[in-house]
Each structure stands twice: as C-alpha cells, then as structure tokens.
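Numbering (the working numbering), first residue to last: 47 to 533. Yeah, the Cβ is synthetic: ideal placement off N, Cα and C, and Gly gets one too. Computed from a predicted structure; not experimentally measured. Reviewing the structure listed below.
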Ligand code: SF4
Ligand code: SF4
C-alpha cells in the first residue's frame, strides 16, 4: 500500500541485535508506480469487448424510455424501482435478495471454474482502469514514453500532456457520476438541471462523490484497490482448488530461463541447458498489478490474461509453441494432462452442484416474477376500535371491525379494485368496497367489515380468521386478518 512514515527502532525487536545507534526500519514497503505496457491478443480483445458491453449498458440504460417514463429508475423518494415493465416496491425486497444470492453463487461458480474472471474482465475497477490507461497512453505514450516523461523535468510538453490527461479523466469521471445519479433521479430532468447548475444538494454530493471515486480509483489507486481494498482478493483462495483454471507459468517447460539468439534451434534448447522462457520480462511489464507470474500463483493476480497474450507473442516470434503462460490447473501442470483431461476435471461435482443450485434459484426467481400479481395489499387493523355494535342497513344489529388497507398498483395503467371479506357466514364490507388507483400509485382505504349479530353469536366470542379478497385487472389477491367478536 502507500508508504507509511511509521517506523520502529530495529534494536527494540528481539533477535535483531543491539547497537549504539538505533536503526529505523519501515513496517511497510513503499508502493511503486506501475507503468503497464499495452498488449494485444485474444484475452485483450475479450477484455475490450467486455469494456464496451458494460459501458454501453451503464451509460446508455438511463436514457432508455419505457412508455412515458425512464426504463430503469430507482426512485428512492417514491420508494419505487422501475425495471422496464416491472414496478417494484419495498415489499418486493425478496427479488433483490434473490438477485444478490444469484450474484454470489455465480461468483462462487465462476471462481471455482476459472478463478478471478470477474476481476480480470468485468469488475468496474478493471474496466475503468483499462479506459483510464487507454487515455493515458493516448496522451503520454506507452510504458517507456511514460517512464521517460515522469523522470524528466517539468516543461511545457509535460504540463500539456499531464494537464490534458487529467482534464479528460475528470470529464469522464464527472460524466460517470452524472450517469450514476441518473439511475436514481430521472436523467432527462438531471440533464436540464445540469445546464443551469440547478442540482439539489444530494445530487451535487453524489455526482461529485462518484466522480471523485472514479477519478481516484481508476487514475491513481488502480491495482492497490485490488490488492488492499477488495475483500474478494482475500477470500478467493477458499474458492480455488487444484482443478481451478488459473493463469500459470509452465515452469517445467520454461526453466532454466535465459536470453538466447533468435536463431537458436528450439529443438536444441535442452542440450544448451535452456527452457522456453527467454527472460524478456514482457510478462512483468504488461502486468497491471506488477507481479511476476513466473514466481507462481499469487493473490495479486487478477487473471486478466495480459501476460498470456504477450508471452504468446514472444513465443510466436521465437518460433516456439504457444502456452508457456496459459490458463490451466495446478493438477494439469503437475500431471501433464491434455486439454481434454483438464476440462473433464473442471466439471467436477462441486461445479455441477453450484450450477444446479444456481439454475434452480434463477428458475425460481423468474417463475415468481412471472406469477407476481401487479398489485400489493397491506392490511392493518384499526387498533383504536377493537369491535363495536352498529345498526346494519336493514336495522339489524351488527358487529363491526375497522381496518385500513393499503393498495399499491404496480401496473402501468389505472386500475379498479373490488374488495370483499370472507371467512364467516354473513361477513360483508360496508362502505367503500370499490376503489380506483392511478398507475404505479398507492392508496390507504379505511374499511368497515360487519357481521350480523346472530352470526356473531353462532361463531362465538373471540378472534376469528378472515380473508380480504381484492380483485382487479384480472388478478385476485387474498390477505388474511382477524375479526373480533366481543365475549
Ligand atoms: S514473456 Fe514469456 S518468455 Fe518473456 S519472460 Fe515472460 S514467460 Fe519468459
Ligand atoms: S500475472 Fe498475468 S494474469 Fe495475473 S494480473 Fe498479472 S498480467 Fe494479469
């Protein structure tokens, strides 16, 4: 992490000896700035495909319209989430829980199969670092040019290049913050407010906060977020096993490493005491976390495949077989398995169980969304009035209980609802039993429920289970409650 000024006197540590003078040693290694070299190849193309995909979705989604409203909007003030044709209320929290469980299980599954694929290709930290690095390369050049520029004195060229880079970074960060807030406040309204600087205090705060987080994390913190801040890096080892596909250096093939002429016959390498690694350090130079994969699997590795791409390029140039660094498993490396043998082990029982559970939960969530009624009802008994005797419409005595029903219309059209009560013979709703509610609106309805006196006597004193049946838009919802008969 960042260098700390915290030091300890070495003489205070047992076993470190003592001397006249105290030697101060730092507890932390100073961070080295990493200058990743640009790389092309299969995995770089995959990463860029995912950068495009995720960013088109992120920046484009809030501008999509669905009918008269934004297609995806998390309206926290009105406590409504709009997801295309769906309107979700806080009562639909179960779907969010389901989504989180699916995300966690998917992460377990993908990690068990192929390690940190999420980190290397789709995590926002990786995606924004990739975009910021692309801008940096356009402004300051590739690795060696950037190293020269940073080492050189400040002059007009350096100010212009660095200033230009930070200006573009800041503009992109602000646009990212604006887009983020556009998921919570209608983005068209936010856009018109932006021209008059008419944001509310929360909008100001979140646009700038998210922009600063993007600027800081993708521009400066970069690999340090992955190494020191992300909890996933810490517990990933619990999800790995010897059959997980990870980026690995084939030590048996690569060692002893060493420089050689390009003309050296690849078949004669062993006689010359050489492996396939030419020790060009290109795999270290492209690594965004600055590690040397030849030292073995390390927790800092985000499985981005940059070293695989660059090493394959080196192997091509040397006329050697590709795959000195490749996605493979520890077992495959140890036993010299073929690709087919390796993939057979990848689909091991643990992976199959994760897959089955994941599909079950996805299926369950999908089914419950399909069967979900487009309105919700909450029944609350009026605690001020337990039960009372009133005169019915024909003058007969009635026992009356009072309730409050909150009906939420989650449909996109205005709806009419009819309310009835069942559970006791002669039970009926008095007063307003039909209500009309606007699209995506909700309303509290005060409801009186009456039971003829003779039926109340037959049922006996005490509490009785009853149901409210609310029908509307072709759907019927039943909500249970209690009807009190005085003893
Ligand atoms: S890129 Fe390949 S050949 Fe070059 S140092 Fe790394 S492993 Fe060796
Ligand atoms: S070691 Fe290779 S796969 Fe791992 S982070 Fe570095 S470049 Fe990416």
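Tell me the residue span of the beta strand (DSSP E) that contains residue 121.
As a first step, residue 121 must be located in the chain shown, where it is residue number 75. That run of the beta strand (DSSP E) goes 118-121.
For residue 313, name the three-state secondary structure that DSSP assigns.
Start at 1 with the first residue of the chain shown, and residue 313 comes out as number 267. Helix, per DSSP.
Alpha carbon to alpha carbon, what distance is there between residue 252 and residue 64?
For the purposes of this step, residue 64 is taken as the residue at position 18 of the chain shown. For the purposes of this step, residue 252 is taken as the residue at position 206 of the chain shown. Reliability of the predicted coordinates at residue 64 is poor, the pLDDT of 47 falling under 50, and the value obtained from them is presented with this limitation in mind. Going from the Cα of residue 64 to the Cα of residue 252 covers about 54 angstroms.
Output needed for residue 47: all residues of its chain with C-beta closer than 8 angstroms, excluding positions within five of it in sequence on either side, in chain order.
Taking the chain shown and counting its residues from 1, one reaches residue 47 at position 1. Any reading at residue 47 must be qualified, since the residue scores a pLDDT of 37, below 50, and its modelled position is unreliable; the value itself is stated next. Here the set comprises 74, 77, 270, 273, 274.
In the DSSP output, which residue or residues are listed as bridge partners for residue 436?
Residue mapping note: residue 436 aligns to position 390 of the chain shown, counting from 1. The partner list for residue 436 (beta bridge, DSSP) reads 444.
Less than 8 angstroms between the CB atoms is what I'm expecting for residue 158 and residue 397, so what's the real figure, rounded?
For this step, residue 158 is matched to residue 112 along the chain shown. For this step, residue 397 is matched to residue 351 along the chain shown. With 8 angstroms as the limit, residue 158 and residue 397 qualify as a contact, their Cβ atoms being about 5 angstroms apart.
Is residue 382 buried or exposed, if buried means 16 or more other CB atoms sit within 10 Å of its CB?
In the chain shown, the residue the question calls residue 382 occupies position 336. Result: exposed.
Can you give me the Cβ contacts of residue 136 inside the same chain, cut-off strictly under 7 angstroms, excluding the 5 residues immediately before and after it?
Mapped onto the chain shown, residue 136 falls at position 90. Short of 7 angstroms from the beta carbon of residue 136, and not among the five residues preceding or following it, lie these beta carbons of its own chain, in chain order: 125.
Would you call the stretch 284-299 and the stretch 249-268 touching, i.e. three or more CB-CB distances under 8 angstroms?
Fewer than three beta-carbon pairs drawn from the stretch 284-299 and the stretch 249-268 are found closer than 8 angstroms, and the two stretches are therefore not classed as touching.
Give me the Cα-Cα distance between residue 295 and residue 486, rounded to the nearest whole angstrom.
Locating residue 295 in the chain shown gives position 249, where the first residue counts as 1. Locating residue 486 in the chain shown gives position 440, where the first residue counts as 1. Roughly 57 angstroms between the two C-alpha positions.
From residue 89 to residue 96, what distance separates their C-alpha atoms?
Taking the first residue of the chain shown as position 1, residue 89 is located at position 43. Taking the first residue of the chain shown as position 1, residue 96 is located at position 50. Cα to Cα, residue 89 sits roughly 11 angstroms from residue 96.
Are the Cβ atoms of residue 499 and residue 481 separated by less than 8 angstroms?
By 1-based counting over the chain shown, the position of residue 499 is 453. By 1-based counting over the chain shown, the position of residue 481 is 435. No, Cβ-Cβ distance for residue 499 and residue 481 is not below 8 angstroms.
Excluding sequence positions up to five away, which residues of its chain have a Cβ less than 6 angstroms from the Cβ of residue 513?
Within the chain shown, residue 513 is the residue found at index 467, counting from 1. Around residue 513: 468, 469, 524, 526.
According to DSSP, simplified to helix, strand and coil, what is residue 59?
To locate residue 59, count along the chain shown from 1; it is residue 13. Because the pLDDT of residue 59 is 47, which lies under 50, any placement of that residue in the model is unreliable, and the number read from its coordinates should be weighed accordingly. Residue state, collapsed to three classes: coil.
Of all the options 450, 503, 516, 476, which has the alpha carbon lying nearest to the alpha carbon of residue 492?
Counted from its first residue, the chain shown places residue 492 at position 446. It is 450 whose Cα lies nearest to the Cα of residue 492.
Can you give me the C-alpha to C-alpha distance between residue 193 and residue 79, rounded to a whole angstrom?
Along the chain shown, one-based indexing puts residue 193 at 147. Along the chain shown, one-based indexing puts residue 79 at 33. Between residue 193 and residue 79, the C-alpha separation is close to 10 angstroms.
Secondary structure at residue 420, three-state DSSP: helix, strand or coil?
In the chain shown, the residue the question calls residue 420 occupies position 374. Coil.
How about the stretch 106-122 and the stretch 373-380: do they share at least three Cβ pairs that are nearer than 8 angstroms?
no
In this structure, does DSSP put residue 134 in helix, strand or coil?
Against the chain shown, residue 134 aligns to sequence position 88. Three-state DSSP puts residue 134 in a strand.
What does residue 498 pair with, by DSSP beta-bridge criteria?
Within the chain shown, numbered from 1, the residue matching residue 498 stands at position 452. Residue pairing by DSSP places residue 498 opposite 444 in a beta bridge.
Please check the pair residue 334 and residue 175, which I expect to be a contact at CB under 8 angstroms, by giving their CB distance rounded to whole angstroms.
Residue 334 sits at position 288 when you count from the first residue of the chain shown. Residue 175 sits at position 129 when you count from the first residue of the chain shown. Between residue 175 and residue 334 the Cβ distance is about 7 angstroms, and since that is below 8 angstroms, they are a contact.
Sort out for me which residues DSSP pairs residue 525 with in a bridge.
One-based indexing of the chain shown puts residue 525 at position 479. According to DSSP, residue 525 bridges with 514.
Using only the alpha-carbon positions, how far apart do residue 328 and residue 200 sit?
For the purposes of this step, residue 328 is identified with residue 282 of the chain shown, where counting begins at 1. For the purposes of this step, residue 200 is identified with residue 154 of the chain shown, where counting begins at 1. Distance between the alpha carbons of residue 328 and residue 200: 29 angstroms.
So who's on the other strand from residue 295, going by DSSP bridges?
Numbered from 1 along the chain shown, position 249 holds the residue referred to as residue 295. Partner(s): 371.
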